[in-house]
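Under the working numbering, the first residue of the sequence shown carries the number 6, and numbering increases by one thereafter.
Think of the CB as a built atom: it goes at the ideal place given N, C-alpha and C, for glycine as much as any other residue.
Computed from a predicted structure; not experimentally measured.
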Amino acid sequence: MSQEQFQACIDECLACMKVCNHCYDACLKEGDSHHMADCIRLDRECADMCAFAAGAMSRNSQFAHQICQLCAEICEACGNECKKHDHAHCKECAEACFKCADVCRKMAS
């Protein structure tokens with residue numbers, strides 16, 4: 006597959022990475038960051054995975070489909086955690102994660 010064919014998924018992964026990084030930073034600044042520990046952890050993992058997936062697709066990795074499948078699973082887990090919280094940054098993150106998970110699943114199939 007060419008980079009052009011991957012481009013929509015690359016764009017979603019990079020957008021999700023940015024939103025997860027913002028949520029991660031904002032969660033650290035919340036008054037009770039212990040309560041946000043799972044959200045913080047998943048934000049970090051999701052941002053890292055999205056960056057890795059975008060890189061793999063841009064390199065036309067032979068493992069891109071499997072990486073996209075794993076990225077979808079991590080994005081969904083992050084989205085499920087973020088949607089538990091009332092903070093605007095968490096709600097925005099959940100939305101971005103679910104959107105990225107959907108696009109990555111389509112790419113993986």
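In this structure the region 90-98 does not touch the region 57-64; the number of beta carbon pairs closer than 8 Å is below three. The alpha carbon of K89 has as its nearest neighbour, out of D16, A20 and C32, the alpha carbon of C32.
Look at S63 here: in three-state DSSP terms it is helix.
For the set C102, D91 and C87, the Cα lying nearest the Cα of L75 is the one of C102. Contact between M112 and A56 does not hold, since the beta-carbon distance rounds to 16 Å and is not under 8 Å.
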